[in-house]
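Structure, as C-alpha cells:
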Amino acid sequence: MPDPTSIPMYKPAQIEPKWQKKWAEDGLYHADIDPEMPKFYALTMLPYPSGDLHIGHWYAMCPSDARARFKRMQGYNVMFPMGFDAFGLPAENAAIQRGIHPRKWTMRNIEVMRRQLKTMGTMIDWRREAISSDPSYYRWTQWFFIQFFNNNLAYQKEALVDFCPHCNTTLAREQVHGEERYCERCGTPVIKKNLVQWFFRTTNYAEELLDFSGIDWPEQVKTLQTNWINRSEGASVRFKTEIGDEIEVFTTRPDTLWGATFMVLAPEHPLVDKITTSDQMEAVITYQLQAERMGDIQRETADREKTGVFTGGYAINPVNDEKIPIWIADYVMMSYGTGAIMAVPAHDQRDFEFARKYDLPIVVVIQPPDEEPLVSEVMEAAVPAAGEMVNSGPLTGTPAEDAFQQAIAHIEAKGVGEYSVNYRLRDWLISRQRYWGAPIPIVHCPECGALPVPEDQLPVELPMDVEWLPTGESPLKLHPTWRFTTCPHCGGEAERETDTMDTFMCSSWYHLRYLSPWHDQYPFDPQEYDYWMPVDTYTGGIEHATMHLIYTRFFHKACRDLGITKGDEPMLQLRNQGMVLGEDHEKMSKSRGNVISPDDLVAAYGADAVRAYLMFFARWELGAPWNSSGIEGSIRWLRKVWFTFLEPPAQAGTASQETLRNLRRKVHQTLQSITYDFETFNFNTIVSGLMELVNEMTAAKSAGAYGTQAWKEAESIYLRMLAPVCPHIAEELWSRTGHAYAIHNQPWPEVDEEAAKEDQITLIVQVNGKLRDRMTVPASISEEEAKSAALASENVQSYIAGVRPKKVIYVPGRLVNIVV
RNA sequence: GCCGAAGUGGCGGAAUUGGCAGACGCGCACGACUCAAACUCGUGUGCCUUCGGGCAUGUGGGUUCGAUUCCCACCUUCGGCACCA
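To convert a position in the first sequence, counted from 1, into my numbering, add 6.
Next up, the structure:
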C-alpha cells in the first residue's frame with residue numbers, strides 16, 4: 007500500500023468531470039469533413055427520451071463508443087453522433103395523465119438524458135444532435151412522405167388492419183408480435199379493423215431486401231428478415247367459375263394442379279357473395295359471421311379442426327376442365343396470397359383433413375416410388391411429393407422433380423396462369439391515430455381528392471393548443487381549427503389528414519439528419535452525405551431486426567431510386583448487443599425492483615469503472631445478468647493501474663535483460679490481441695487483456711523495471727490501449743506521467759513483431775493423445791530435436807516402457823504426440 | 001411444426017486454424033496488515049483419488065494420433081415465425 011500522503015488516491019469523481027469539460031471546450035470530438043482523412047461513420051441506435059438513461063443504454067453505447075474511439079486513434083476521421091427518437095406514445099400518455107404537453111415532457115426528458123449521456127464520457131459530437139419531434143426535423147420527414155407519395159410509393163387504401171385498443175391506433179404488421187398477436191409497444195392483443203390507411207410500398211422491394219450480399223450483418227438478423235419476407239416460388243393460376251368470374255390462386259405446387267378437386271375461399275373473399283347460390287346463402291352468411299367474431303388469434307391456431315361451408319358454386323379446373331365445388335373455410339386467410347386456394351387433398355395435409363371431413367373427392371397425382379399404387383379411398387394422410395406423376399394429363403409419367411417446371415410451361419401455354427413469386431411481407435402501414443407524431447402532409451379536398459401539402463408550406467406543424475379528451479381519438483381530430491384548410495389545387499375548402507406517421511418513419515432516416523441537422527435546404531447537406539455515408543458500423547438491439555432494420559433499408563432503397571440517396575444499403579456493418587438482466591436473472595423492470603441505475607454506479611465507482619465492467623462482464627452480443635460484486639473487480643483493477651503507473655517503487659532496482667525482454671513481449675502480444683479484439687467486437691477480452699498486462703507490469707516493477715526504457719514504452723502503449731475503454735483515467739495518467747494532452751489524439755500503437763515473438767515455447771508432449779510432459783524449449787527447435795527431446799523425457803519413457811513408437815506427430819511450436 | 005442462437009467450475013466467461021480445457025474477473029478458503037473490521041496485499045481454488053493417477057466442455061455415437069472446436073442423432077433453454085397455400 008502506498009503512502010497516501012505522497013501518491014494521490016484515484017478519485018474518479020474529480021477526474022471525470024474535469025476531462026469531460028476540457029474535451030468539450032476544446033471540441034476534441036468534433037467530426038468535420040476532411041478530404042485528406044479516411045472517414046468512419048459509427049452509429050448507435052438512437053434512444054427514446056423516456057427520461058432516464060438505464061443500464062441498457064450504457065451497455066449499447068459504451069462499447070460502441072470505445073470502438074469508435076479505437077477507430078479514431080487508428081487514424082480515421084470518426085463521426086459518432088447522437089439524437090432522440092422523440093415522437094411517440096409515452097409523451098402523449100404523460101400528457102393525458104399529468105396534463106403536461108408532450109413537447110414539454112419530451113424536451114425535459116431530453117435534457118436529463120443529455121446530461122446523463124455526458125457522464126458516460128463518450129466522444130459524441132453534440133453539434134450533430136437531431137431530435138425527431140423538432141419541426142426542423144419532421145419538416146423533412148414530411149418531405150420524404152411527399153416524395154414517396156409523388157412517386158407512387160405511398161398510397162391510401164381501405165384494409166382490414168391491426169389496431170391496438172390500448173394505444174388507440176393502428177399498427178404495421180411488423181409491430182404485431184407473437185402468437186397472441188400483441189402490440190409491440192404495450193403488449194395488448196390487437197384487434198382487426200376495416201379502415202382507410204396510408205401505406206408505403208415496401209413490397210416493391212421485397213426481392214431486393216432479401217439480398218444481403220453487400221453488407222456485413224449478423225446471420226441471425228439476415229435470417230429473421232429473410233423469414234419475415236418469406237419468399238415462395240410457384241404459380242398464379244386463374245380458375246373460372248361456372249358463372250364466368252375469375253378466381254386467382256397462388257400455389258407453390260402447380261405440379262399438383264390435376265389433383266385440385268375443390269377450391270377454398272377465405273370467408274371474407276370479395277367473390278363469395280356472387281358465387282353463393284340462394285339455397286346456400288344462409289349457411290354461408292352464418293359461417294362468415296362466425297369467422298368474423300372469432301378473431302385472428304383463435305382463427306390462426308393451426309391445430310384447430312378445419313371447418314367450412316359449401317357455397318353452391320363451382321369452378322372449372324383449367325388443366326382438365328373438371329367441375330369442382332367452391333367452399334369457404336377459415337383456414338384460408340384473406341391476408342396471404344389471393345385469399346383463395348386450389349385444394350389438392352391427396353398431397354396437402356390441410357386439404358386432406360378438410361376433404362375427409364366433408365367427403366370431398368381425393369385424386370392422387372403423384373405416386374411415391376417403390377410402393378403399392380395409392381388408393382385415395384384408404385389413404386390416412388396426404389403424401390409428400392416424391393415419385394412419378396399420375397392422372398395428370400400430359401404430365402403423366404414425368405418424374406415429380408421435373409413436374410413443377412412442366413406444369414408452369416403448360417399453364418403459360420394455355421394462358422391460364424404463369425410463374426409467380428409470392429411474399430409474406432406486407433406494405434408498411436404508417437398511419438397512426440395519435441397526436442404526438444409527424445402529421446401526414448396531405449390535404450383532402452372533396453373536389454380534387456388527397457393532395458400533398460406544397461413543399462414550401464412544410465412543415466405541417468402540430469398545433470400546441472390541444473386538449474386531451476378521454477375519447478381515444480387523436481386531439482388533432484378534435485382541434486377546432488387546425489384541420490380546416492384550403493385545397494392547394496382548387497383553393498376550395500378542404501381538410502387536413504389528421505393521422506400522424508409511425509415513428510419508425512422518423513427513425514428510418516435519422517442517420518441522414520445527423521449529417522447536417524443545421525441544414526435547412528434539404529434533409530441533409532449533400533457534401534456531408536458524400537463524405538460520411540454510408541454508415542460504417544451500426545450497433546443496436548436485435549429486437550429491431552424485422553422493424554426498424556427492414557424499414558430503414560427499404561427507405562434507403564426507395565430514396566436511391568428517387569435520386570436522393572446513393573448506393574444500395576445505408577449501413578455496411580451491423581452488430582447487436584445483448585441485454586443486461588437483473589441480478590435475479592430476470593429482465594430489468596421497475597415492477598420487479600431489479601433495476602440497476604447507472605447514475606448510482608457512476609457516483610459509487612466512476613464512469614470508467616462502469617464502462618470497463620460493461621465491456622468485461624459478458625459477451626457483448628449475448629449480455630448477462632448484472633452482478634453487483636463483479637463491478638468491484640473493475641474498480642480494483644483501475645486502482646491497481648493508477649498505482650502501478652504513479653507510485654515509484656519502494657527501492658530502485660536494476661531489471662535483468664530477461665525481465666525487460668519479457669515485459670516488451672507481453673506488451674506487444676497484448677497490443678496484437680487487443681487490436682484484433684476491437685476489430686471483432688470482443689470487448690470482454692480487451693479488458694481481460696489489459697488486466698493481465700497490468701498484472702505482468704506489477705511483477706516487472708518489483709523486478710526493477712520501473713523507469714527503464716521498456717517500462718516507458720509499456721506505459722505509453724498501455725495508456726493508449728486503455729484510452730478507448732476508460733477515457734478519463736487514461737487521460738489523467740497520460741498527463742501525470744508527463745505526456746502531452748490529449749491521449750485521445752494519439753495514434754494507436756504499432757506492434758513490434760520482433761518484440762512480440764516468443765523465443766521459448768512450452769512443448770507439449772503427449773503419449774496416445776494424453777498430456778504426459780511439458781518442456782521449455784527454444785522456439786527455433788527443429789522437428790528432429792523436438793522429437794528426440796520428447797522421447798528422452800522420463801515421464802514419457804515410463805509410459806512407452808520400451809515399446810517402439812508406431813508414429814510420432816509433430817506440430818511446430820506446439821506439441822509432440824507419441825503413438826504406441 | 002418450421003427457422004435461428006446458446007449449453008464449458010459455485011457465477012460471468014477464455015481458448016483467433018483440430019493441438020496444455022478453465023485465461024481474466026467475481027465468489028469462496030487460508031494467511032499478512034489491524035485492538036477489531038473493512039480496504040489492501042499474498043497463497044490456494046473443476047471433480048474424484050488408494051497421490052500412481054483417473055474423470056471432466058448438455059447427452060449418445062462417429063471421424064482423427066489428437067475434438068470445447070468437424071460430422072450424425074438427441075436433450076434443455078432462449079428468440080423468431082406459424083393453417084403461408
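Where is the CB? At the ideal position from N, CA and C, for every residue including glycine.
### Query
Counting only runs that start and end within the segment 482-549, where is the beta strand (DSSP E) found for 3 or more residues in a row?
Runs found: 490-492, 499-502 and 541-547.
### Task
Count the C-beta pairs between the segment 390-409 and the segment 263-278 that are closer than 8 Å, then say yes if the count reaches three, no if not.
With the cut-off at 8 Å, the segment 390-409 and the segment 263-278 touch.
### Query
Between the beta-carbon of residue 576 and the beta-carbon of residue 559, is there less than 8 Å?
Cβ distance < 8 Å, so residue 576 and residue 559 count as in contact.
### Message
If you measure between the beta carbons of residue 428 and residue 256, is that distance less than 8 Å?
### Response
Taking C-beta atoms as the reference points, residue 428 and residue 256 count as a pair closer than 8 Å.
### Query
Taking the alpha carbon of residue 731 as the point to measure from, which residue in 745, 717 and 692 has its own alpha carbon closest?
It is 692 whose Cα lies nearest to the Cα of residue 731.
### Query
To the nearest angstrom, how far is it from the Cα of residue 475 to the Cα of residue 445?
As the crow flies, the alpha-carbon of residue 475 is around 19 Å from that of residue 445.
### Query
Is the segment 416-431 in contact with the segment 240-258, if contact means three or more CB pairs nearer than 8 Å?
With contact defined as three or more Cβ pairs closer than 8 Å, the segment 416-431 and the segment 240-258 are in contact.
### Task
For the alpha helix (DSSP H) holding residue 176, just list the boundary residues, first then last.
Run containing residue 176: none in the alpha helix (DSSP H); it sits in the beta strand (DSSP E), 175-177.
### Task
Could you tell me how far apart the beta carbons of residue 586 and residue 629 are, in whole angstroms, since I believe they sit closer than 8 Å?
Right, the Cβ-Cβ distance comes to about 6 Å (below 8 Å), so this counts as a contact.
### Query
Are the beta-carbon atoms of residue 319 and residue 281 separated by less than 8 Å?
For residue 319 and residue 281, yes; Cβs fall inside 8 Å.
### Alpha-carbon spacing of residue 822 relative to residue 64, whole angstroms
In a straight line, the C-alpha of residue 822 is about 48 Å away from that of residue 64.
### Query
Taking contact to mean at least 3 C-beta pairs separated by less than 8 Å, is the segment 485-503 in contact with the segment 179-189?
In short, these stretches do not touch, since the Cβ pair count stays below three.
### Message
In this structure, how does DSSP classify residue 142 when only helix, strand and coil are distinguished?
### Response
Note: residue 142 maps to helix in three-state DSSP.
### Length of the line joining the Cα atoms of residue 611 and residue 210
Rounded to the nearest angstrom, the two C-alpha atoms are 52 Å apart.
### Message
Do residue 762 and residue 674 count as a contact pair if the criterion is CB distance below 8 Å?
### Response
Yes. Within cutoff.
### Rounded C-alpha distance that separates residue 42 from residue 604
Straight-line Cα distance between these residues: approximately 39 Å.
#### Entry: Local Cβ density within 10 Å of residue 788, reported as buried at 16 or more and exposed below that
Counting Cβ neighbours within 10 Å, residue 788 comes out exposed, since fewer than 16 surround it.
### Message
Does the contact criterion of 3 or more C-beta pairs under 8 Å hold for the segment 709-722 versus the segment 78-95?
### Response
With the cut-off at 8 Å, the segment 709-722 and the segment 78-95 do not touch.
### Query
Just the Cα atoms here: how many angstroms apart are residue 643 and residue 697?
The straight-line gap from Cα to Cα measures roughly 7 Å.
### Message
If you measure between the beta carbons of residue 177 and residue 189, is that distance less than 8 Å?
### Response
Yes, these two residues count as a Cβ contact at 8 Å.
#### Entry: Start and end residues, beta strand (DSSP E) containing residue 717
No beta strand (DSSP E) contains residue 717, which is instead part of the alpha helix (DSSP H) from 715-728.
### Task
Answer yes if the segment 546-560 comes into contact with the segment 513-522, meaning at least three C-beta pairs across the two stretches below 8 Å, and no otherwise.
As far as the Cβ criterion goes, the segment 513-522 touches the segment 546-560, which means the pair count is three or higher.
### Message
Please report the distance separating the alpha-carbon of residue 354 from that of residue 293.
### Response
Straight-line spacing of the CA atoms in residue 354 and residue 293 works out to 24 Å.
### Message
Since residue 734 and residue 613 should fall inside the 8 Å C-beta cutoff, what is the C-beta to C-beta distance between them, to a whole number of angstroms?
### Response
Distance from residue 734 to residue 613 at the Cβ level is roughly 7 Å; contact confirmed, criterion being Cβ atoms closer than 8 Å.
### Message
One question on the structure: do residue 434 and residue 557 come within less than 8 Å of each other, judged by their Cβ atoms?
### Response
Yes. Within cutoff.
### Task
Taking all protein chains shown into account, decide if residue 738 is buried (16 or more other Cβ within 10 angstroms of its Cβ) or exposed.
When all chains shown are included, residue 738 counts as buried.
### Query
From residue 8 to residue 653, what distance separates their C-alpha atoms?
Unreliable placement is indicated for residue 8, whose pLDDT of 41 sits below 50; no coordinate value is reported for it.
### Query
Taking the DSSP output, what are the residues bridged to residue 867?
With the chain covering only 7 through 826, there is no way to say anything about residue 867.
### Task
Let me know if residue 146 comes out buried or exposed under the rule of 16 or more other beta-carbons within 10 Å of its beta-carbon.
Classification of residue 146: buried, given that the 10 Å Cβ count is 16 or more.
### Query
Is residue 157 near residue 457, with beta carbons less than 8 Å apart?
Cβ atoms of residue 157 and residue 457: not closer than 8 Å.
### Continuous alpha helix (DSSP H) assignments of at least 4 residues falling wholly in the segment 539-627
The qualifying runs are 554-567, 604-611 and 613-622.
### Query
Does the distance from the C-beta atom of residue 35 to that of residue 129 stay below 8 Å?
Their beta carbons are under 8 Å apart, which means residue 35 touches residue 129 by this criterion.
### Task
Compare the C-alpha of residue 240 against each of 438, 258 and 252 and name the closest.
When each option's Cα is compared against that of residue 240, the closest is 258.
### Message
Rounded to whole angstroms, what is the Cα-Cα separation between residue 325 and residue 198?
### Response
Cα to Cα, the separation comes out at about 37 Å.
### Task
Just the C-alpha distance for residue 107 and residue 479, rounded to the nearest angstrom, thanks.
So the two alpha carbons sit approximately 17 Å from each other.
### Given 8 Å, three or more beta-carbon pairs between the segment 758-778 and the segment 787-806
Touching, yes.
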